[in-house]
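S.K.:
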Amino acid sequence: MNRHIWQRDFLENQTIKWPCPACHAAKLILEKRTLNTGETSQSLNEHREAGWEPGWIEGRFTCFLKCHECLEDVAVAGRYSVEEWGNDELRQVEHMHRFEPLFFMQAPPIIQLPKKLPLDIQKEIEASFQLYWVDLASCANRIRSSVEMLLTDLGVKRTIVSNRRRRDLNLHNRIEIFRDVNSMLADALLAVKWIGNAGSHSNALDEKDILDGYEMLEYVLEELFDQRSKRMANLARQINKAKKPRSAIRILRSR
-7 MNRHIWQRDF
3 LENQTIKWPC
13 PACHAAKLIL
23 EKRTLNTGET
33 SQSLNEHREA
43 GWEPGWIEGR
53 FTCFLKCHEC
63 LEDVAVAGRY
73 SVEEWGNDEL
83 RQVEHMHRFE
93 PLFFMQAPPI
103 IQLPKKLPLD
113 IQKEIEASFQ
123 LYWVDLASCA
133 NRIRSSVEML
143 LTDLGVKRTI
153 VSNRRRRDLN
163 LHNRIEIFRD
173 VNSMLADALL
183 AVKWIGNAGS
193 HSNALDEKDI
203 LDGYEMLEYV
213 LEELFDQRSK
223 RMANLARQIN
233 KAKKPRSAIR
243 ILRSR
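Numbering (the numbering used here), first residue to last: -7 to 247.
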């Protein structure tokens, strides 16, 4: 996961590095000919006020991003403002649009999902990608929900019988049960849970918190479905045992 590309706004002359939702190549480019902007009525009325400056402008926009790898089109809508950029030495002032997307059809994938991930969990995480741009609290709740679904897929029980009565286990309890299987992944899931819990309180999260949650979730999914650590350990063992790169091992075996 490349955290640095997930700023939730961009300048009109800025290169976008978000991956394509269809082919996942980082090839989405703003199609400037499709860009439509319109000021809000309040912003237009403010033009009449004394001391008005272009930096007061606010409006809404629509556009398409196109993937230059697979040619997928992504529809975007949101709001924009105007910022003043100047060079004091040259006494030059430039005004640029800053765009803040609020809606994507379809939202870029913030993390890569394993191909073996069950479809219901995949859809839940993809729904969170859409919410990242418009509602961080709801996004955090979706991420937390995906952890619940993941534990169910892994066979972690959801209820327990106590005093002859069946009661539901909360997410924290279920993660602690999973700790007996993999304590490192349980720690990561617990951290994701705390971030998800904070999503229940308005204004309790910023985008860095959400990216923390995504990064840990991606780590857990890689370990569970792609077994990355196991594959890397096996690869290191092969190379260290032969004391040669794998290409040299293959050549020796072919003789």
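All residues carry an ideal CB built from backbone N, CA and C; glycine is no exception.
None of the values given here were measured: they were computed from a predicted structure.
Below 7 angstroms CB to CB, which residues in the same chain sit around glycine 47 once its five sequence neighbours on both sides are set aside?
M.R.: Result list for glycine 47: Val74, Glu75, Glu76, in chain order.
S.K.: Three or more C-beta pairs under 8 angstroms: does that hold for the segment 97 to 117 against the segment 10 to 24?
M.R.: The segment 97 to 117, when compared against the segment 10 to 24, does touch it at the 8 angstroms Cβ threshold.
S.K.: Is alanine 17 buried or exposed, if buried means 16 or more other CB atoms sit within 10 Å of its CB?
M.R.: Classification for alanine 17: exposed.
S.K.: When the Cβ atoms of the segment 55 to 68 are set against those of the segment 18 to 27, are three or more pairs found closer than 8 angstroms?
M.R.: Contact holds: three or more Cβ-Cβ distances are below 8 angstroms.
S.K.: Indicate whether threonine 29 and histidine 89 have their beta-carbon atoms separated by less than 8 angstroms.
M.R.: Cβ distance < 8 angstroms, so threonine 29 and histidine 89 count as in contact.
S.K.: What span of residues does the beta strand (DSSP E) with threonine 144 cover, start to end?
M.R.: Element bounds for threonine 144: not the beta strand (DSSP E) but the alpha helix (DSSP H), 128 to 145.
S.K.: Please classify serine 239: is it buried, with 16 or more other beta-carbons within 10 angstroms of its beta-carbon, or exposed?
M.R.: Classification of serine 239: exposed, given that the 10 Å Cβ count is below 16.
S.K.: Since I believe valine 184 is in contact with arginine 136 (beta carbons under 8 angstroms), could you give me their beta-carbon distance rounded to a whole number of angstroms?
M.R.: Right, their Cβ atoms sit about 7 angstroms apart.
S.K.: Tell me the rounded alpha-carbon separation between tryptophan -2 and glutamate 215.
M.R.: About 23 angstroms.
S.K.: Residues in its own chain within less than 6 angstroms of cysteine 15 by CB, not counting five upstream and five downstream?
M.R.: Counting only Cβ-Cβ distances below 6 angstroms, and skipping sequence neighbours, we find Glu61, Cys62.
S.K.: If aspartate 1 sits next to glutamate 92, beta carbons under 8 angstroms apart, how far is it from one beta carbon to the other, in whole angstroms?
M.R.: The pair is a contact, with the Cβ atoms about 4 angstroms apart (cut-off 8 angstroms).
S.K.: How is methionine 224 classed by DSSP in three states: helix, strand or coil?
M.R.: Helix at methionine 224.
S.K.: Leaving out five residues before and five after threonine 26 in sequence, what residues of the same chain have Cβ atoms less than 7 angstroms from its Cβ?
M.R.: Same-chain partners within the cutoff: Cys55, Phe56.
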